[in-house]
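Below is one structure, written out as structure tokens; comments come after it.
Residue numbers (my numbering): 395 to 816.
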């Protein structure tokens, strides 16, 4: 007898209508003073919040500046501005007067921390902010990217096929412009949906404190990294300070070239090529790398990289001429306190304290339905507990967390947990 078995049926996939074209059509890119003045007047006369986004050219250009700024106000429409057209011989445009005109409006951004640095460069910053991604995090939503939120909140699919495009390209293709305009098309509706849920969850005040903090620090200069060359991928495979010195010298040359040519460093020579060339010293027991070694690594044989061969060879010569005292240490000095996993031997009391408090904060965050890193920054907890005293009180912990930048709502929730388990 032949037994007929039914094939398992797949769960139906919920399909949402695709948000494919802007409701008002694809706007022209604003590149003249006259067009910008008209946009400013329309937005100034409008009402309601402003939806704002930026497009950069990560992976293509050295700088992270904005190559397109999208602005929408429901009563005024959508505008696409090319900030590079208004630089007038300066490194960046200056939109400070325009920002002042819109100061009373609430600005809606998604993942504001990604856009604020390039907006700060053109002096176009909000005084009132709503961050839709941060709001979603505080609500404990499982997916907080813009596409997922649009589906959950509005039942619409937002295509993201041009998010990693080279937005420095001119002219910008029309389908890219449609994508850019759609990123701000329904942000205002999303804001309304999120505010309703924040209010229901009793978290609206938390969100407002977080937004105020972002505004207050939007113009802060980025903290320079210590030994940024150590971020080269593949560095962990190198064992000797001499090989690390090679990477450092090559990285320094690559950074200079990238800045001069405004090209992403990895497009000049990829990280893996820097580490691979340095590894030849260790594999072959060499004390000096030569032209033959350079040409044996594929990343240095491209037309662009080969054009600068003399600079790479000079970097290798400098690395070879260094004394042992000038070699970089095998491991970098941590920025701030070391990671808690390394505390056990030198700071055993702090290690034990961390392993009491951290799980309790995770449990508290689960009760509040939000990520633990939003309840309290891991860096704040690390700095609070490292090499900490044997006793403390709520006032001391509160003051220290305030000094580190923890917001009032966070301090109110975590200080009792921390002091109880201290």
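Heads up, the beta-carbon is just placed ideally off N, CA and C, and yes, glycines get one too.
Under DSSP, the alpha helix (DSSP H) around residue 524 begins and ends at which residues?
Per DSSP, residue 524 belongs to no alpha helix (DSSP H); it is in the beta strand (DSSP E), 523 to 525.
Given 8 Å as the limit, is there contact between the segment 559 to 571 and the segment 635 to 651, that is, 3 or more CB pairs closer than that?
No: the two stretches stay apart, fewer than three of their Cβ pairs being nearer than 8 Å.
If you count every other CB in all the chains shown that lies within 10 Å of the CB of residue 597, and 16 or more means buried, which is it?
buried
In angstroms with no decimal places, state the Cα-to-Cα distance between residue 672 and residue 700.
Distance from the CA of residue 672 to the CA of residue 700, rounded to the nearest whole angstrom, comes to 17 Å.
Cβ neighbours of residue 420 in the same chain (closer than 8 Å, five flanking residues each side left out):
568, 571, 572 and 575
Can you tell which of 758, 444 and 808 has its C-alpha closest to the C-alpha of residue 774?
808
Reducing DSSP to helix, strand and coil, say where residue 463 ends up.
strand
Quick test of your reading: residue 675 and residue 637, contact by CB under 8 Å. State the CB separation rounded to the nearest angstrom.
5 Å
Just to confirm the assignment: which complete alpha helix (DSSP H) runs, minimum length 4, are found wholly within the segment 769 to 796?
772 to 779
Grouping DSSP H, G and I as helix and E and B as strand, with all else coil, what is residue 763?
DSSP, reduced to helix, strand and coil, places residue 763 outside both helices and strands of the structure shown, so it counts as coil.
Do the CB positions of residue 523 and residue 543 come within less than 8 Å of each other?
no
Own chain partners of residue 448 with C-beta closer than 6 Å, once the 5 adjacent residues on each side are dropped:
460, 463, 509 and 512
Residue 441 burial status per 10 Å Cβ neighbour count (16 or more: buried):
exposed
To test your reading of the DSSP string, which unbroken alpha helix (DSSP H) runs of 4 or more residues are found completely within the segment 681 to 723?
685 to 689, 697 to 700 and 703 to 715
Write down the C-beta distance between residue 667 and residue 692 rounded to the nearest angstrom, noting that I regard them as a contact closer than 8 Å.
7 Å
Which first and last residues belong to the alpha helix (DSSP H) in which residue 812 is found?
802 to 815
Within 10 angstroms of its Cβ, does residue 405 collect 16 or more other Cβ (buried), or is it exposed?
Confidence at residue 405 is low in this model, with a pLDDT of 49, below 50, so the placement of that residue should be treated as unreliable; the coordinate-derived value is given next. Exposed is the call here.
Distance check for residue 660 and residue 558, CA to CA, integer angstroms please.
15 Å
By how many angstroms is the C-alpha of residue 748 removed from the C-alpha of residue 755?
10 Å
Any idea what DSSP makes of residue 568, helix, strand or coil?
helix
Contained alpha helix (DSSP H) runs [length at least 4] in the segment 580 to 667, N- to C-terminal order
The segment 580 to 667 contains these whole alpha helix (DSSP H) runs: 581 to 595, 598 to 610, 635 to 655 and 659 to 662.
Tell me the DSSP secondary structure of residue 473 in three-state form.
strand
State the DSSP-derived secondary structure class of residue 445, mapped to helix, strand or coil.
strand
Unbroken alpha helix (DSSP H) run spanning residue 501, endpoints
Per DSSP, residue 501 belongs to no alpha helix (DSSP H); it is in the beta strand (DSSP E), 501 to 503.
Tell whether a beta-carbon distance below 8 Å holds between residue 607 and residue 801.
In this structure, residue 801 lies closer than 8 Å to residue 607 by Cβ.
Nearest CA to the CA of residue 618: which residue from 593, 730, 687 and 723?
730
With a threshold of 16 other CB atoms inside 10 Å of the CB of residue 734, please say whether the residue is buried or exposed.
Classification for residue 734: buried.
Taking the alpha-carbon positions, what's the residue 788 to residue 712 distance?
54 Å
Measure the C-alpha to C-alpha separation of residue 726 and residue 467 and round it to an integer number of angstroms.
48 Å
Do the segment 429 to 438 and the segment 472 to 481 make contact, defined as three or more Cβ pairs closer than 8 Å?
Because the criterion of three Cβ pairs below 8 Å is met, the segment 429 to 438 and the segment 472 to 481 touch.
Mind checking whether residue 553 and residue 496 have CB atoms under 8 Å apart?
no
Alpha carbons only, please: which of 521, 458, 743 and 471 is nearest the one belonging to residue 492?
Minimum Cα distance to residue 492 is reached at 521.
How is residue 548 classed by DSSP in three states: helix, strand or coil?
helix
When the distance is taken between beta carbons, is residue 550 closer than 8 Å to residue 416?
no
Tell me the rounded alpha-carbon separation between residue 720 and residue 519.
43 Å
Bridge partners - residue 413, DSSP secondary structure assignment
Answer by DSSP bridge pairing, in chain order: 552.
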